[in-house]
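Student: I have a structure I would like to understand better, so I am pasting it below and will then ask my questions one at a time.
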Amino acid sequence: MMDPIEWEPCVMHNWVAAAVAVAFTVSAVAAEGLSEPSGDVLLTIRGDIAETNGDGVARFDRPMLEAMPSITFSTSTIWTEGTQEFTGVPLSAILDSVGAAGDTALATAINDYAVQIPRDDWGDAAPIVAYEMNGAPMSVRDKGPLWIVYPYDSDATYRSEVIYARSIWQLDRIVIDE
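Under full-length UniProt numbering, the first residue of the sequence shown carries the number 1, and numbering increases by one thereafter.
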């Protein structure tokens, strides 16, 4: 295993590159508007948003999420054993694509567990709304199909009770405060 000091600049370079790619792609998506989901809806966003694709809400299926800029990182979690690889869309990219104007996102899971995520936490590259773990879609049993994941191993600030509480799995809806 590499000494963290040796790989940290590489990780930071990858995060910066990913953030720039996300910003350009999100601008293009916002200019085109949201398409209609063709498959099962995994995520619904409502509230103070500018872009919708049906009855005042923005709905996303898996292909829509996969078409957005993705980030893959490896990290350990307090809920899994060992290091896992997660792939998903930065939360900021999803919220930018719908023109989220509020200061808080209320993220809610299938079982109605809900947590508020303040705008200050919507970084360019973290957290991500993961749709794959170790290269495979996540089932409901495996905390999917969507899980808000932070790169916990990359920064000690991601290893706090507040951040762990915001790491909601089985995510299916977000309400942007109005």
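Positions of the beta carbon are idealized from the N, C-alpha and C atoms, including for glycine.
#1: Give a single yes or no on whether V129 has its beta carbon closer than 6 Å to a heavy atom of the ligand SAM.
#2: From which residue to which residue does the alpha helix (DSSP H) around V162 run?
#3: Can the beta-carbon of I49 be found less than 7 Å from the beta-carbon of I176?
#4: So within the UniProt domain "Oxidoreductase molybdopterin-binding" (80 to 151), which uninterrupted beta strand (DSSP E) runs reach at least 3 residues, ignoring any that extend past its ends?
#5: Note down the Cα distance separating S167 from K143, rounded to an integer number of angstroms.
#6: Using only the alpha-carbon positions, how far apart do W147 and S92 sit?
#7: For the alpha helix (DSSP H) that contains A67, what are its first and last residues?
#8: Under DSSP, the beta strand (DSSP E) around S76 begins and ends at which residues?
#9: Name the DSSP beta bridge partners of I174, please?
#10: Between the stretch 37 to 53 and the stretch 79 to 93, do three or more beta carbon pairs fall short of 8 Å?
#11: Rounded to whole angstroms, what's the CA-CA distance from R62 to G39? Just pull it up for me.
#12: Identify whether A156 lies in helix, strand or coil by the three-state DSSP scheme.
#13: Within 8 Å, do at least three Cβ pairs link the stretch 113 to 120 to the stretch 61 to 76?
#14: For R141, count neighbouring Cβ atoms within 10 angstroms of its own Cβ and tell me buried if that reaches 16, exposed if not.
#15: Could you tell me which of V98, A126 and L34 sits nearest to T157, measuring between CA atoms?
#16: With DSSP run on the structure shown, which of helix, strand or coil describes A58?
Tutor: Result, derived from the coordinates:
#1: As for the ligand SAM, it is missing from this structure, which has no ligand bound.
#2: E161 to R166
#3: yes
#4: 83 to 90, 104 to 109, 114 to 118, 128 to 133 and 147 to 149
#5: 11 Å
#6: 14 Å
#7: Secondary structure note for A67: its alpha helix (DSSP H) is the uninterrupted segment R62 to A67.
#8: I71 to S76
#9: I45 and A107
#10: no
#11: 7 Å
#12: helix
#13: no
#14: It is exposed - the Cβ of R141 has fewer than 16 other Cβ atoms within 10 Å.
#15: A126
#16: strand
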